[in-house]
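Structure first, commentary second.
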Amino acid sequence: MVVGLLCLSTALPLAFLRPLAAGVTVTTASVGSLLIFETLTLAGLAAQLVAQYRLGRGGAVLSAALLGTPFLVLALTGPDGADHRVRVVLVAALAPLAAFAGLAARSHEQNRRHSAIREVIDGTRWENAARGERVRIVRELHDVVGHHISMIAVQAETARIATAGMPAEGAERLLGIGDTARAALTEMRRLLGVLREDAESVTGGDRRPQPDLGQLHELLEEARKASATSIRLILSGSPSALDPGVELAAYRIVQESLTNARKHATGAAVDVELGYAGDALHLRVRDNGPGPPHDRPTGGHGLLGMRERASAVGGDVRTGPGFGGGGFVVEARFPIRTPEPTTPEPHHARSDDARAHDASSHEARALMTEENS
1 MVVGLLCLST ALPLAFLRPL AAGVTVTTAS VGSLLIFETL TLAGLAAQLV AQYRLGRGGA
61 VLSAALLGTP FLVLALTGPD GADHRVRVVL VAALAPLAAF AGLAARSHEQ NRRHSAIREV
121 IDGTRWENAA RGERVRIVRE LHDVVGHHIS MIAVQAETAR IATAGMPAEG AERLLGIGDT
181 ARAALTEMRR LLGVLREDAE SVTGGDRRPQ PDLGQLHELL EEARKASATS IRLILSGSPS
241 ALDPGVELAA YRIVQESLTN ARKHATGAAV DVELGYAGDA LHLRVRDNGP GPPHDRPTGG
301 HGLLGMRERA SAVGGDVRTG PGFGGGGFVV EARFPIRTPE PTTPEPHHAR SDDARAHDAS
361 SHEARALMTE ENS
């Protein structure tokens, strides 16, 4: 019995350092003590409880086995006609088994729920990345490809009208070029609409070199040649260093405004004003055309793209008729020192993604609280 006491007492400090080894040692010694001496020691029970605590929930089943085995041995090997103490020992053996079986089931359910939420979060992350890439494609196709196709249509129409004495065959071919370019623009807008349906709430980046305001003179010269109209650049204030994202957004807004002026106010003069004032860059593009007709279709993505580009770098855009209802004006304001980029959130586009993300975050927080309790 002294040997058993020594084994159990030695296992007590070991339970803090190596709970699994201590648990096996204590259980073996306890079973031996019960079979040989028909007794249990307080040191053995204490060592079992410490080992059980140190194993935690991850060893719930093993903990139950370590704690319950000695009691079961005592209850099942006791003398015939044992008194009520045997029943008490049997209950003491079954209680931890039931408790730890419940803990094991709870732990399994929590792990299953964690896995399901991780799958939802990962799926949402990949979906948002794909939407961001589609948005980038939509914007670049609209701003770059759409701009050049529109120039083809305008130049073909201008050459057909402005070239005196052009043979009928040449005029007919130019007319065909213009019609083909306009048809291509219509088809491209339809395709961009399909892409944008699933990709309005996320913006994406681009790894290619992007234009900036240093190339504005080239853009205006190209527009003058295409439309054969007056386009002035008016600068005010002292130019300041701008974030590359701000320069790209301002350049694209000027480009889109010039394209709109060629399409909707053919022949109108255009003024492009850039003003550096304090902590903001002010941009205004205005034409002296007849103004937007009330029946003009509003299904294009140009104005929406302007607002999204400005919002992504902390700016804003306002559009509308000029003074007295004549012409059309695009005004934009950008910060000189750009804050952290923000993702534009059209109301209807945010509703699905944001609700899914908020729900996932809420469930994740609930599970973390449950784990810590």
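Sequential numbering from 1 applies to the sequence shown in UniProt numbering. Don't be surprised by glycine CBs; every beta carbon is placed ideally from N, CA and C. Computed from a predicted structure; not experimentally measured.
Rounded to the nearest whole angstrom, the CA to CA distance from G326 to N288 is 7 Å. Exclusion of the five residues before and after P321 leaves G291, P292, G327, F328, V329 as the residues of its chain whose Cβ lies within less than 8 Å of its Cβ. A183 and R131 have their C-alpha atoms roughly 27 Å apart. Using a Cβ-Cβ distance cut-off of 8 Å, the segment 260-268 and the segment 224-234 are in contact, since at least three pairs of beta carbons, one from each stretch, lie closer than that value. By the 16-neighbour rule on beta-carbons within 10 angstroms, D316 is exposed.
A direct Cα-to-Cα measurement between L274 and L219 gives close to 14 Å. Here D143 is buried, its C-beta having at least 16 other C-beta atoms within 10 Å. Of all alpha-carbon atoms in T124, G178, L213, the one lying nearest the alpha-carbon of I253 is that of L213. Taken atom to atom, the span from the alpha-carbon of T28 to that of A129 is near 57 Å. Here S115 is exposed. Its C-beta has fewer than 16 other C-beta atoms within 10 Å. Within the same chain, E273, E331 come within 6 Å of R284 by CB-CB distance, once the 5 residues on both sides are set aside. The three-state reading of DSSP puts T319 in strand, counting E and B together. Assigned with DSSP and collapsed to three states, I137 falls in helix.
The straight-line gap separating the alpha-carbon atoms of G102 and R113 is approximately 17 Å. Inclusion of I177 and I161 in the CB contact set at 9 Å is not warranted, their separation being larger than that value. With contacts defined by Cβ atoms closer than 9 Å, E256 and G302 form a contacting pair. Less than 9 Å divides the Cβ of I231 from the Cβ of L258. Assigned with DSSP and collapsed to three states, G275 falls in strand. Counting other Cβ atoms within 10 Å of its Cβ, H147 reaches 16 or more and is therefore classed as buried. H282 is bridged by DSSP to G275, R333. Within 10 angstroms of the beta-carbon of Q215 lie fewer than 16 other beta-carbons, which makes it exposed. A residue is called buried when at least 16 other Cβ atoms come within 10 angstroms of its Cβ; F323 does not meet this threshold and is exposed. Annotation for S257: the continuous alpha helix (DSSP H) segment containing it runs 244-264.
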